[in-house]
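*Asks:* Take a look at the following structure, please.
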Amino acid sequence: MNLRVSVIGTNYLGATHAAGMAEFGHRVIGVDIDHERIATLSSGRSHIYEVGLEPMLALHTQSGRLRFTTDYRLIADWADVHFLALGTPSGASGAADLSQLEAAVDALGPLLTRPTLVVGKSTVPVGTAVRLQDRLRALAPAGDGIEVAWNPEFLREGFAVEDTLRPDRLVFGVQSEDALELLEQVYAIPLTESTPVVHCDLATAELIKTAANAFLATKISFINSMAQMCQAAGGDVVLLADAIGYDQRIGREFLNAGLGFGGGCLPKDIRALAVRAEGLGVGVLAQLIEAVEAINAGQRVELAELAVAQLGGDVRGARIAVLGAAFKPGTDDTRNSPALTVAEHLYAAGAEVAIYDPQARLPPRPGFTQVATLDEAVTGAEIVLHLTEWPEFRYLDPERLGALAKNKIIIDGRLKLHAPTWRDAGWKVVQIGRAATL
Ligand code: UGA
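Per the working numbering, the very first residue in the sequence shown carries number 57; after that it's consecutive.
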């Protein structure tokens, strides 16, 4: 059955969710307070780089099935179900800042005159759903007719459309049969494709999402600490990851060692989980997360220091080429980007940093020059740093780049370059935790 669906918040999560809901056949209105973003989305264009999103936006805005507005009055009593897809950035203490969610609830609540389901998709500290429900019920003329459910989102940037249309699991945190049935209608299409579903209470649904991100972050920091062991003892972390990854209980994914994790989700979600764990008296989880964070931060510092060491301990005035600015390939998102932390460190040490990224556009800032082509970044460089593993970097021609660079030294911060090819072309290749013979 086709439903009327509202999606409040239209950034990475909300824009993709709104387009995905339209693709599932529902009539959708996306809401945001950002007029410029709403104008862009209304014209069928995307304000973010995400493979496959724009064609879906174009198709469904043209057919009229998908609309965008800044006016909550258009959605309040219109929608059968409201999704909350707002950002929950880190607040000053590291706890999640819920002000965007609260503002949305405050705008929506007073307009809800009939019983409605409001479904949270944002990543939140456990306990938030119940608090938001209390707040909505206090504000809404429909009072206790308002029910909150939690349906966390697991999409990855760069694969957002794919993950939305074909999720690997669905989590329905609900308090009633009615809410469950409505969510089953919303997701009727993936459910017919045998997508696994977990029905649970609100707290479990909230915790599932933070646990997933914390586990992924832990996996990455674990393999990075093994990279340190390999570096110290002369082993090879890529072969190690391959070998342990063959064990299905471990799995090879998220065992790519290198610069560690960044982005708008993993770092802030695990910090918020640590703060919440402390608050609930589960200090041991907070300690585990602190170790994960310390390993992650250490990788960035070590890489920057390695670059300085390669240039004899002094990078003042040295031209350094940085390949990659996005926090990972496939996105233009530079939030908490490991590549930028390294670049900042080197700039602070006196280097001239030239950054090239195929998609990410940096706001002008002192210290870095963002250049339009890779050749421009490498020309005259005393050292080249490969910091975001865009596929196009993997197949660069080391012979040609060798003619542009001042020194043929490259640090492969993502362990993705085929070092023998580079070495054959006369380059010194540095990879933390990889045997130099491979
Ligand atoms: C992450 C989760 O993977 C999603 O499931 C989740 O829905 C999302 O956060 C969210 O909470 O919204 P995302 O932030 O898009 O998705 O990025 P990931 O693909 O998880 O990568 C995170 C970081 O880990 C990147 O900087 C990446 O370079 C790094 N990484 C990943 C590694 O260093 N090694 C690996 O083996 C894998």
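Where a beta carbon is used, it is the ideal one built from N, C-alpha and C, also for glycine.
Predicted, not measured: the structure shown is a model, and the values here were computed from it.
My guess is that Leu59 and Val137 are in contact by the Cβ rule of under 8 Å, so how many angstroms apart are they, rounded?
*Replies:* The Cβ separation is near 6 Å, so the contact holds.
*Asks:* Cα separation between Lys177 and Asp298?
*Replies:* Rounded to the nearest angstrom, the two C-alpha atoms are 34 Å apart.
*Asks:* Checking the sheet assignment: what are the DSSP bridge partners for Glu408?
*Replies:* Answer is Arg375.
*Asks:* I want to check one thing, is the minimum distance from the CB of Arg479 to the heavy atoms of the ligand UGA below 8 Å?
*Replies:* Answer for Arg479: no, Cβ out of range of the ligand UGA.
*Asks:* So is the beta-carbon of Thr220 under 8 Å away from any non-hydrogen atom of the ligand UGA?
*Replies:* No, the Cβ of Thr220 stays beyond 8 Å of every heavy atom of the ligand UGA.
*Asks:* Using only the alpha-carbon positions, how far apart do Arg109 and Glu213 sit?
*Replies:* The residue asked about is misnamed: residue 109 is Leu in this sequence, not Arg. Cα-Cα distance, rounded: 11 Å.
*Asks:* Please return the same chain residues whose Cβ sits closer than 6 Å to the Cβ of Ser98, not counting the five positions on each side in sequence.
*Replies:* Once the five neighbours on either side are set aside, the close Cβ partners of Ser98 are Phe124.
*Asks:* Looking at Gly312 and the ligand UGA, is the gap between the Cβ and the nearest heavy atom below 8 Å?
*Replies:* Inspection of the sequence shows that residue 312 is occupied by Asn rather than by Gly. Under cutoff, so the answer is yes.
*Asks:* List, from N- to C-terminal side, the beta strand (DSSP E) runs of 3 residues or more that fit wholly inside the stretch 378 to 438.
*Replies:* As far as the stretch 378 to 438 is concerned, its whole beta strand (DSSP E) runs of at least 3 residues are 408 to 412 and 424 to 426.
*Asks:* Given 8 Å as the limit, tell me if Glu209 has its C-beta closer than that to any heavy atom belonging to the ligand UGA.
*Replies:* Indeed, a heavy atom of the ligand UGA lies less than 8 Å from the Cβ.
*Asks:* Specify, as a first and last residue, the run of the beta strand (DSSP E) that Glu203 falls within.
*Replies:* First-last of the beta strand (DSSP E) with Glu203: Ile202 to Trp206.
*Asks:* How many angstroms separate the CA atom of Ala288 from the CA atom of Arg490?
*Replies:* When rounded, the distance between both Cα atoms is 11 Å.
*Asks:* Within the stretch 327 to 355, note down every full alpha helix (DSSP H) run reaching 4 residues or more, in order along the chain.
*Replies:* Runs of the alpha helix (DSSP H) inside the stretch 327 to 355: none found.
*Asks:* Can you tell me the Cα-Cα spacing of Gly406 and Val371, whole angstroms?
*Replies:* If you take the alpha carbons of Gly406 and Val371, they lie about 6 Å apart.
*Asks:* Which residue from Phe310, Val409, Ala492 and Pro197 puts its Cα closest to that of Ala273?
*Replies:* The shortest Cα separation from Ala273 among Phe310, Val409, Ala492 and Pro197 belongs to Phe310.
*Asks:* Is Asn269 near the ligand UGA, in the sense that its beta carbon is under 8 Å from a heavy atom of that ligand?
*Replies:* True, at least one ligand heavy atom lies under 8 Å from that Cβ.
*Asks:* I'd like the ranges of any beta strand (DSSP E) spanning at least 3 consecutive residues and lying wholly in the stretch 169 to 251.
*Replies:* Here the runs fully enclosed are 172 to 176, 202 to 206 and 226 to 229.
*Asks:* Under three-state DSSP, which class holds Phe310?
*Replies:* Coil, per DSSP.
*Asks:* Say the cut is 8 Å; is the CB of Leu279 nearer than that to a heavy atom of the ligand UGA?
*Replies:* For the record, residue 279 in the displayed sequence is Ile; it is not Leu. Yes; taking the cut-off as 8 Å, the Cβ of Ile279 has a heavy atom of the ligand UGA nearer than that.
*Asks:* His91 lies in the alpha helix (DSSP H); which residues open and close that run?
*Replies:* Element bounds for His91: His91 to Ser98.
*Asks:* By DSSP, does Phe317 sit in helix, in strand, or in coil?
*Replies:* The answer is coil: DSSP assigns Phe317 none of H, G, I, E or B.
*Asks:* Where does the unbroken alpha helix (DSSP H) through Lys484 begin, and where does it stop?
*Replies:* Note, Lys484: premise wrong, no alpha helix (DSSP H); beta strand (DSSP E) at Lys484 to Val486.
*Asks:* Counting Cβ pairs, one atom from each stretch, are 3 or more of them under 8 Å apart for the stretch 150 to 157 and the stretch 69 to 82?
*Replies:* As far as the Cβ criterion goes, the stretch 150 to 157 does not touch the stretch 69 to 82, which means the pair count is below three.
*Asks:* Quick one: Cα of Gly319 to Cα of Leu396, how far?
*Replies:* So the alpha carbons of these two residues sit roughly 11 Å apart.
*Asks:* For the ligand UGA, any of its heavy atoms closer than 8 Å to the Cβ of Leu315?
*Replies:* The answer is yes for Leu315.
*Asks:* Using 8 Å as the Cβ pair cut-off and three pairs as the minimum, do the stretch 128 to 148 and the stretch 61 to 80 touch?
*Replies:* They touch, by the three-pair rule.
*Asks:* For Ser62, is the classification buried or exposed, using 16 other Cβ atoms within 10 angstroms of its Cβ as the cut-off for buried?
*Replies:* Ser62 comes out buried.
*Asks:* Quick check on DSSP: helix, strand or coil for Asp468?
*Replies:* Of the three classes helix, strand and coil, the one that applies to Asp468 here is strand, per DSSP.
*Asks:* Using only the alpha-carbon positions, how far apart do Gln231 and Trp206 sit?
*Replies:* For Gln231 and Trp206, the distance between alpha carbons rounds to 10 Å.
*Asks:* Given a cut-off of 9 Å on the beta-carbon distance, is the pair Leu402 and Ala363 in contact?
*Replies:* Going by C-beta atoms, Leu402 is nearer than 9 Å to Ala363.
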